[in-house]
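Engineer:
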Amino acid sequence: MTAIPTPAPADNATLQEWLTYLESIHPKNIDMGLERVAEVAVKAEVLEPASLVITVSGTNGKGSTVRYLESILQAAGYSTGVYTSPHITEYRERVRINAQELTDAEHVEAFSAIENVRHKTSLTYFEFGTLAALWLINRKKPDVAILEVGLGGRLDAVNCVDADVAVVTSIGIDHIAFLGNDREQIGREKVGIARAGKPLICGEINPTASIDESAERIGAKLWQVGRDFHRNEKNSSWSYRSQHTQLNDLPLPKLPLINASTAIAAIEQLPLPVTLTAIREGIAQASLPGRMQQYSHNGCDVLLDVAHNPQAAAYANQYLQKFYPDYKIFAVVGMLSDKDHAGVIKALTSTVDSWYLGSLYEPRGQTSLQLQDNIHLSGQSCSRFDSVEQAFSAAIEDASRSKMNEREALVFGFGSFYTVAQIDAYMKGA
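Here this note's numbering is used: the sequence shown runs in plain steps of one and ends on residue 972.
1. Can you list, in chain order, the residues of its chain whose CB lies under 6 Å from that of aspartate 915, leaving out five sequence neighbours each side?
2. To which residues of the same chain is tyrosine 869 closer than 7 Å at the C-beta, ignoring the five residues directly before and after it?
3. Using C-beta distances below 7 Å, list every residue in its chain close to alanine 858, excluding the 5 sequence neighbours before and after it, in chain order.
4. Measure the alpha-carbon distance for asparagine 840 versus tryptophan 765 and round it to whole angstroms.
5. Assuming leucine 564 contacts phenylalanine 670 under a Cβ cut-off of 8 Å, what Cβ separation, rounded to an integer in Å, is found between them?
6. Using a Cβ-Cβ cut-off of 7 Å (strictly less than) and excluding sequence neighbours within five positions of glutamate 1058, which residues of its own chain qualify?
7. Mind listing, in chain order, the continuous alpha helix (DSSP H) runs of no fewer than 4 residues lying wholly within the region 697 to 741?
8. Who are the near neighbours of methionine 543 in its chain, counting only those whose CB is closer than 7 Å to its CB and skipping five residues on each side?
9. Alanine 545 to isoleucine 567, Cα distance in whole Å?
10. For glycine 605, report the span of its alpha helix (DSSP H) as first-last.
11. Using the Cα positions of serine 613 and valine 686, report the straight-line distance between them to the nearest angstrom.
12. Measure from the alpha carbon of arginine 769 to the alpha carbon of each residue in Pro795, Ala617, Ser803, then state which is nearest.
13. Using 8 Å for Cβ pairs, my map puts glycine 694 next to isoleucine 713. What's the rounded Cβ distance?
14. Leaving aside the five residues before and after glutamine 616 along the sequence, list all residues of the same chain whose C-beta is less than 8 Å from its C-beta, in chain order.
15. Between leucine 856 and the rest of its own chain, which residues show a CB-CB distance below 6 Å, the 5 nearest in sequence each way excluded?
16. Under DSSP, the beta strand (DSSP E) around asparagine 790 begins and ends at which residues?
17. Shortest alpha-carbon distance to proline 813 belongs to which of Glu632, Pro591, Ile596?
18. Going by CA-CA distance only, name the one from Gln912, Ile821, Arg783 that's closest to proline 795.
19. Exposed or buried, phenylalanine 865, counting other C-beta atoms within 10 Å across all chains shown (16 or more means buried)?
20. Starting from the Cα of glycine 605, find the closest Cα among Lys881, Asn801, Thr666 and give me that residue.
21. Check glycine 824 in the structure and name its three-state DSSP category.
22. I'd like the ranges of any beta strand (DSSP E) spanning at least 3 consecutive residues and lying wholly in the region 910 to 935.
23. Leaving out five residues on either side along the sequence, give the residues of the same chain with a beta carbon under 7 Å from the beta carbon of alanine 647.
24. Quick one: using the 10 Å Cβ neighbour count with 16 as the cut-off for buried, is lysine 732 buried or exposed?
25. Since glutamate 690 and serine 756 should fall inside the 8 Å C-beta cutoff, what is the C-beta to C-beta distance between them, to a whole number of angstroms?
26. Do you know offhand how far leucine 557's Cα is from threonine 666's?
27. Return helix, strand or coil for glutamine 964, following the three-state DSSP convention.
Below you can see the structure in the form of structure tokens.
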């Protein structure tokens, strides 16, 4: 029996109705490959969304690198169009024109435009959204489009656009079902966004051999951190150095420093003058939802981060030790089932005092019981809850008691974009 196609939303449909439609029109959530999305991209005339295109891939650090690039270029007076994923609170976060989100109506218009040209070509939620984002950016024709890869690089929908500058931030073990189960294979996939004769910036401090090999095979001009550009951190500032540039007394950023240096290296490759003042201002102002975001809730300090793999968790551990050295850490965690749960938790056990495991009921979500079975915690306080919100509420109560006993406390929520979004909504009373 043939399934009846889902009808497209009506002309007066809401953004949420369109998003629901996007979730229903393809049999898979993830379907790697460029043939279908490139075919529609040609029809929609979105393959050249801006005068210059920077594409960013990597296991961790993509989002913060994109924000650094956007912030610096905005400070330098250039117009920007940015596409990132996933979102934390609402879909509109995914597209920014000149650092501003667009309206529901503009997103609906973009979805309608893609629907009108795709005909019978089946697209995933992410592919459809990527094409709509390109349509929105293309309509504004900014000086620079900054595109964040969703998964991998070589076969990701974003890679249907040719990058003038390609950036690889880091290489870690994640999404092994799609990218391979070792760093060499994953590195090869990430570098697939590079183009012949164009710059490829690599911010991975321990690069795989596949990065050099792939860059040479593609014919890209590789710039490698630690070889072609460098950073030096001091107590209250840092410096950047390359064969062309020396920048001193740069402000320490809110986001990971290594990604700031990677962003500067990428900007060096653009045919656009950018002043030291703009670089300093852009670095100081760059921030990103869900990445080391600080809050106060019911008198308790709260820190949220989307860390969901061992590499990101290791960075979070260093961050906690640096900025909260004398705090008792109450960790609230919810994770998806296809992550390295044991590796993530192990990276934080030296710093976390008490664990609060919450069930996620999202696609691929894991229950708190399943998570506890996978991480094998011993000798540490660990509690299970039916939801992330319940886990967070309990952590806040215990942190409040710790503060009454004159020990500073921090509630640290992490493990997934879903986890951060649910805690954020809970604090806002949603």
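For each residue, glycine too, the CB sits at the ideal point set by N, CA and C. Every value quoted in this text rests on a predicted model; they were computed, and no experiment measured them.
Structural biologist: Short version:
1. none
2. Glu950, Ala951, Leu952
3. Asp847, Ala849, Leu890, Phe956
4. 47 Å
5. 5 Å
6. Because the chain is modelled from 543 through 972, residue 1058 falls outside the range shown and cannot be assessed.
7. 718 to 721, 725 to 732
8. Low per-residue confidence applies at methionine 543: pLDDT is 34, beneath 50, and the placement is therefore not dependable enough to give any value.
9. Residue confidence for alanine 545 is low, a pLDDT of 48 falling below 50, so the modelled location carries little weight and cannot support an answer.
10. 604 to 617
11. 12 Å
12. Ser803
13. With 8 Å as the limit, glycine 694 and isoleucine 713 do not qualify as a contact, their Cβ atoms being about 11 Å apart.
14. Thr622, Asn640, Ala641, Gly824
15. It is worth fixing the name first, because residue 856 is alanine in this sequence and not leucine. Closer than 6 Å at Cβ, skipping near neighbours: Ala889.
16. 788 to 793
17. Ile596
18. Ile821
19. exposed
20. Asn801
21. helix
22. 923 to 927
23. none
24. buried
25. Rounded, the Cβ-Cβ distance is 20 Å, inconsistent with contact.
26. 17 Å
27. helix
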